[in-house]
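Counting in the numbering used here, the sequence shown runs from 1181 upward without gaps. Virtual Cβ for every residue (Gly too), placed ideally from N, Cα, C.
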Amino acid sequence: MAVLAACGAPPKPGDVPPRAAPRVRPGIEVLLGDSTALVRGRRVGLVSNHAGVDAAGVSDVDLLLRGQVRLVALFSPEHGFRGAADPGEAVASTTDSATGLPIYSLYGRTSAPTDTMLAGIDLMLVDLPDVGARYFTYLSTTIEVMKVAARLGKIVVVLDRPNPIGGLVQGNLLDPAYRSFVGALPMPMRHGLTLGELARLANTELSIGADLRIVPVAGWDRSRALDETGLPFLPPSPNLKDLESLFHYPGTCLFEATSLSVGRGTDAPFRQVGAPWLDVARVLAALPRDRLPGVRFEAVAFTPTSPGDGKYGGIPVRGIRLILTDRRIYDPTLTAVVLWSVIQATHPDSIGVRAAALDRLAGGPALRQALAAGQDPFEIVRAWEVPLAGWLTHRRLALLYP
């Protein structure tokens, strides 16, 4: 009876006890446990950063060296191999003090490996923690590696990881004319895919022709976010500090192109927006909260310290904190568009927009133009539904997980 009291009511007749979810193994574990033939006898380069670890938090570099893999060079994406550089900050190539291996930066003087960098390499491993949003640059880095590898006849192996925010797909599609490093493919703001699936899509869609292999995640399905896998969370970049920030990022990242702070230089970047001029009470009163499920809003005050975007450093900011209440129904892209619309309506002369930057993030000028024209934000988002349905069909051949 004590057990029943602790666990709740006894099961009803016919109830099936839930099965324990299988242990999730990231691609690095699958490679070294099941697929070592891929790297055996080959000179290997590794594109990764501090978040390239196994379930116990052991780094890819240590795991590969222990596994007698002939690792000859390391390559780092945006934020560097240690994940500490600010967004957009050029990162220099260097030498890894622990192993003596060269670390070639792919976010500095070059975004693609040079022929010289790859001269002594047969195979490139890619293990990067994508965050589930179109704007994140690790897919672009992977594509650059694939292009050079295809030209030089090198193999590319993506060590896959779960999409940390699960498989929901939301937001608008990028106009192919607006492809950039923060928008590598015509896909939604929140794409629901893994990096391995994205690489497969890119290889076909961009006609790269790389010899691409994917070592899949074992035991994962698209219904599970990272905190349901048993795998550790390591910040993929300095301003994505926790899993909740990743759930908001597909929406709040749009405010990067405005005069509003997204909380860089605080303890909650991408979980709040604000400015010294923001009338928070007025905005909160105008927000149609009943039409924005899965999130609640709170007034907050913050003072950014050395923000990487240069917004309001050392200046008190009045803001709005977004608090996730139900990830199953939350749409960060809808929430951001509605919040933007309300702020613009209540502060028509205050919200500055950098048009070119917004068009890159939003995948074209349509969103900027619709907001500037005062269109209903719910109608703006509703217009995305048909293109989104078409993309869901288009992506099917790239899928690796249920």
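CB contact flag (Glu1377, Leu1572, <8 Å): Not a contact, by the Cβ cut-off of 8 Å.
8 Å contact criterion, which Arg1402 and Pro1582 should meet: CB distance rounded: That belief holds up - the Cβ atoms of Arg1402 and Pro1582 are roughly 7 Å apart, short of 8 Å.
Continuous beta strand (DSSP E) stretch holding Phe1261: start and end: Run containing Phe1261: none; DSSP gives neither H nor E here.
N- and C-terminal bounds of the alpha helix (DSSP H) containing Val1602: This structure does not reach residue 1602, given that the chain is present from 1181 up to 1582, and the question cannot be answered.
First and last residue of the uninterrupted alpha helix (DSSP H) at Asp1539: Element bounds for Asp1539: 1535-1542.
Reference Arg1505, options Arg1476, Leu1519, Ser1530, Pro1484, closest by Cα: According to the sequence displayed, residue 1505 carries Thr and not Arg. Looking at Arg1476, Leu1519, Ser1530, Pro1484, the one whose alpha-carbon comes closest to that of Thr1505 is Arg1476.
Other residues of its chain near Asp1659: CB distance less than 8 Å, five sequence neighbours each side excluded: Shown here, the chain extends from 1181 to 1582; a query on residue 1659 therefore has no answer.
Own chain partners of Asp1489 with C-beta closer than 6 Å, once the 5 adjacent residues on each side are dropped: Contacts found: Arg1444.
Runs of alpha helix (DSSP H) wholly within the stretch 1288-1372 (minimum 4 residues, chain order): Listed in chain order, the complete alpha helix (DSSP H) runs (minimum 4 residues) inside the stretch 1288-1372 are 1318-1332.
Rounded straight-line distance, which links the Cα of Thr1317 to that of Leu1514: Cα-Cα distance, rounded: 22 Å.
Cα-Cα separation between Ala1461 and Glu1385, rounded to whole angstroms: Cα to Cα, Ala1461 sits roughly 46 Å from Glu1385.
Proximity winner among Ala1552, Ile1560, Asp1240, Ala1550, relative to Asp1307 (alpha-carbon distances): Here the closest residue by C-alpha is Asp1240.
Whole-number beta carbon distance between Thr1294 and Gly1247, since they are thought to touch under 8 Å: About 28 Å separates the Cβ atoms of Gly1247 and Thr1294, ruling out a contact at the 8 Å cut-off.
8 Å Cβ cutoff met for Trp1520 and Leu1551: The answer is yes: Cβ separation under 8 Å.
Sufficient close CB pairs (3 or more, under 8 Å) joining the stretch 1433-1453 to the stretch 1230-1245: By the C-beta criterion, the stretch 1433-1453 is judged not to be in contact with the stretch 1230-1245, since fewer than 3 inter-stretch pairs fall below 8 Å.
Residues of its chain near Leu1212, where Cβ-Cβ distance is below 7 Å and the 5 sequence neighbours each way are ignored: These residues qualify, in order along the chain: Leu1243, Gly1247.
8 Å contact criterion, which Val1325 and Val1227 should meet: CB distance rounded: Contact annotation, Val1325 with Val1227: C-beta distance approximately 6 Å; criterion of less than 8 Å satisfied.
Rounded distance between the beta-carbons of Ile1500 and Pro1456, thought under 8 Å: With a Cβ gap of about 14 Å, Pro1456 and Ile1500 do not count as contacting.
Endpoints, beta strand (DSSP E) assigned at Leu1455: A small correction: the amino acid at residue 1455 is Ala; Leu does not occupy that position in the sequence shown. Where Ala1455 is concerned, the enclosing beta strand (DSSP E) starts and stops at 1452-1455.
Supposed contact pair Trp1564 and Asn1352 - C-beta distance, whole angstroms, cut 8 Å: The C-beta distance from Asn1352 to Trp1564 rounds to 5 Å, short enough to meet the 8 Å contact threshold.
Range of the contiguous alpha helix (DSSP H) that encloses Ser1256: Run containing Ser1256: none in the alpha helix (DSSP H); it sits in the beta strand (DSSP E), 1250-1256.
Cβ-based neighbour list, Arg1393, same chain, cut-off 8 Å, excluding 5 preceding and 5 following: Contacts found: Leu1218, Ile1335, Val1336, Val1337, Val1338.
Which of helix, strand or coil DSSP assigns to Phe1482: In this structure, Phe1482 counts as strand in the three-state DSSP scheme.
Per-residue burial, Asp1310 [other beta carbons within 10 Å of its own, 16 or more giving buried]: Note on Asp1310: 16 or more other CB atoms within 10 angstroms of its CB, so buried under the neighbour-count rule.
Beta bridge counterpart(s) of Thr1275 as assigned by DSSP: Beta-bridge pairing links Thr1275 to Pro1282.
Proximal residues to Thr1483 (C-beta, below 7 Å), its chain only, five neighbours per side dropped: Answer for Thr1483: Gly1494, Ile1495, Pro1496, Val1497, listed in chain order.
Under 8 Å between C-beta atoms of Val1362 and Leu1568: Not closer than 8 Å, so no.
Rounded straight-line distance, which links the Cα of Leu1381 to that of Arg1576: So the alpha carbons of these two residues sit roughly 9 Å apart.
Distance CB(Gly1399)-CB(Arg1203) smaller than 8 Å: With contacts defined by Cβ atoms closer than 8 Å, Gly1399 and Arg1203 form a contacting pair.
Proximity below 8 Å, CB of Ser1266 to CB of Gly1543: A quick correction: the sequence has Asp, not Ser, at residue 1266. No, they are not a contact pair.
Reference Ala1364; option with closest CA among Asp1340, Thr1322, Ala1390: When each option's Cα is compared against that of Ala1364, the closest is Thr1322.
Simplified DSSP assignment, three categories, for Ala1379: Three-state DSSP puts Ala1379 in a helix.
Residue environment, Pro1191, which counts as buried when at least 16 other CB atoms sit within 10 Å: Because the pLDDT at Pro1191 is just 38, under 50, the model does not fix this residue reliably, and the point stays unresolved.
Local Cβ density within 10 Å of Asp1214, reported as buried at 16 or more and exposed below that: Answer is exposed; the Cβ neighbour count stays below 16.
Reduced DSSP secondary structure (H/G/I, E/B, other) of Ser1425: Helix.
Top-ranked residue by Cα proximity to Ala1292, from Leu1319, Thr1409, Leu1375: Per the Cα distances, Leu1319.
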